[in-house]
Amino acid sequence: MRSWFQRKIKRRPEPQGLHANAPDPEEAEKLRSKYTHFRILVIGRANAGKTTMLKRVCNSTEDPCIYDEKRNQLLEPTSQRGIHDIRRPFSFQSNPHFIFHDSPGFEAGGEEELQNVLSFLEEKAKAKDVDEQLHAIWFCFTPDVSRPLLALEQEFFNTQRTGNVPVVAIFTKFDDLIIQVYDREKHYSDNFENALATLEEKFEKPIKAYRHPPRAYVRFQSLHDDEGNHQEQIMELTKRTAESIDDFTLKNLFVVVQNNNLEVCIECAVNTKLFKSNNDLVHFFLSFHSPIAQTRKEIIDNQHCIMVWAYLLDGVCDHSEDDYIKETDARKKKASLHL
1 MRSWFQRKIK RRPEPQGLHA NAPDPEEAEK LRSKYTHFRI LVIGRANAGK TTMLKRVCNS
61 TEDPCIYDEK RNQLLEPTSQ RGIHDIRRPF SFQSNPHFIF HDSPGFEAGG EEELQNVLSF
121 LEEKAKAKDV DEQLHAIWFC FTPDVSRPLL ALEQEFFNTQ RTGNVPVVAI FTKFDDLIIQ
181 VYDREKHYSD NFENALATLE EKFEKPIKAY RHPPRAYVRF QSLHDDEGNH QEQIMELTKR
241 TAESIDDFTL KNLFVVVQNN NLEVCIECAV NTKLFKSNND LVHFFLSFHS PIAQTRKEII
301 DNQHCIMVWA YLLDGVCDHS EDDYIKETDA RKKKASLHL
């Protein structure tokens with residue numbers, strides 16, 4: 001099977017222009033020292049696939065760890081102490097830079113749960129420590145044509161929320177929607193297009209008409225399938241979330257904290273023009289990812305990954321695949337000599 005980088009040769013991005021607000025390497029390192037965590041509130045009904053999504057985002061197969069109120073001790077999830085307490089943050093050991101909060105959606109707690117979420121947003125907006133502030137909201141919907149949007153979900157998007165935190169609408173289990181609209185007399189591609197049209201008509205259009213709609217929309221299909229294209233789908237979520245963040249520092253933070261999906265965050269950094277040059281990109285990612293690598297091999301692999309991306313962007317890869325492999329192996333060997 002061809003590697004991710006080998007596949008990338010055929011569809012490498014064109015070199016990007018300069019970003020007017022892109023930081024130089026010294027400024028980027030200062031940002032990294034100031035912002036250490038990216039905090040996300042995940043909202044969604046029961047069985048919306050939130051945990052599966054977060055495991056894919058953090059590249060983990062393990063259950064999350066839940067912090068106590070003082071964040072000085074990790075608690076294991078239990079039936080009495082689940083992850084649905086919005087004020088009890090949790091993360092995955094594979095990527096502790098992501099801090100999540102979970103709301104079970106407005107179906108479970110009714111009006112009380114909606115007010116709980118709005119109160120939580122207000123609290124986080126008042127936090128002075130940037131690490132305690134909320135940086136994004138992922139609102140998960142399970143597309144169900146029989147009940148597209150609940151009244152309290154509509155109220156949420158019609159309410160002026162404190163803090164102006166960007167919201168990304170995520171339609172999970174799109175494959176279930178295909179089944180709901182499936183016509184046996186039609187080809188799968190026609191049913192797929194019909195499901196897309198239904199999603200647009202029943203969900204996206206109504207949500208976009210609200211006073212405070214999401215800034216971006218993403219759909220997931222068969223995210224639980226290990227053999228599927230879940231990495232590409234998570235890449236789309238990464239891109240859309242980064243695009244929805246106005247603050248350049250937070251955008252930068254969101255991209256670089258995805259250390260377990262290094263190729264994802266580098267591509268996103270390139271596509272969103274986070275850095276003025278490829279050299280700045282390489283310098284920053286080496287400074288961010290090398291300290292958190294666990295072994296010498298991981299550091300070399302991280303450097304290899306970053307250098308290959310600079311190589312791709314420099315346009316050298318218009319040669320044969322053998323030339324590509326030879327050059328990247330040489331860069332990897334050179335990286336190991338500098339450790």
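Residue 257 in UniProt numbering sits at position 257 of the sequence shown, and the numbers go up by one each step. C-beta atoms are modelled at their ideal positions from N, C-alpha and C, and glycine is treated no differently. Only a predicted model underlies this, so the values are computations on that prediction, with no experimental measurement involved.
Check	Outcome
Ile179 - containing alpha helix (DSSP H), residue span	174-180
For Thr172 and Ser60, the rounded distance between their alpha carbons	18 angstroms
Which listed residue (Val117, Ser94, Asp247, Ile179) has its alpha carbon closest to that of Trp138	Val117
Nearest-angstrom Cβ-Cβ length linking Ile207 and Phe157, presumed shorter than 8 angstroms	6 angstroms
Neighbour-count burial assignment, Asp102, 16 or more Cβ in a 10 Å radius	buried
7 angstroms CB neighbourhood of Glu107 in its chain, flanking five on each side removed	Arg45, Leu150
Span separating the alpha-carbon of Ile179 from that of Ile234	23 angstroms
Coil, strand or helix - Gly44 by DSSP	strand
Inter-residue Cα distance where the pair is Leu250 and Asn194	37 angstroms
Continuous alpha helix (DSSP H) stretch holding Ile234: start and end	230-244
Separation of Lys126 from Gln164, as counted between CA atoms	According to the sequence shown, residue 164 is Asn rather than Gln. Approximately 12 angstroms, taken between the alpha carbons.
Residue interval of the alpha helix (DSSP H) (run including Val57)	50-57
Beta-carbon proximity check, Glu185 vs Ala216, cutoff 8 angstroms	no
Outcome for Ala209 when other beta-carbon atoms lying within 10 angstroms are tallied against a minimum of 16	exposed
Buried or exposed by the 16-neighbour rule on C-beta atoms within 10 Å, applied to Asp129	exposed
Pro206 (DSSP reduced to helix, strand or coil)	helix
Distance, Ala197 Cα to Glu177 Cα	According to the sequence displayed, residue 177 carries Leu and not Glu. C-alpha separation (whole angstroms): 11 angstroms.
Through-space distance from His97 to Asp131, alpha-carbon basis	10 angstroms
Helix, strand or coil at Asp190 [DSSP, three-state]	helix
Exposure label - Ser146; buried when at least 16 CB within 10 Å	exposed
Arg215 beta carbon near the ligand GTP (any heavy atom closer than 7 angstroms)	No copy of the ligand GTP occurs in the structure displayed, which carries no ligand at all.
Same chain, Cβ closer than 8 angstroms to Ile40, five either side skipped, listed in chain order	Phe98, Ile99, Phe100, His101, Leu134, His135, Ala136, Ile137, Trp138
Boundaries (first-last residue) of the alpha helix (DSSP H) holding Asn158	151-158
Val130 - containing beta strand (DSSP E), residue span	Run containing Val130: none; DSSP gives neither H nor E here.
Start and end residues, beta strand (DSSP E) containing Asn95	95-103
DSSP state of Val145 mapped onto helix, strand, coil	coil
Close-in-space but distant-in-sequence residues of the same chain around Ile86 (CB under 7 angstroms, 5 per side omitted)	His101, Asp102, Ser103, Asn116, Val117, Phe120
Minimum C-alpha distance to Glu111 - residue among Ser189, Ser94, Leu152, Lys124	Leu152
Pro64 versus Gln93 - alpha carbon distance	7 angstroms
Those residues which DSSP pairs with Ala136 across a bridge	Ile40
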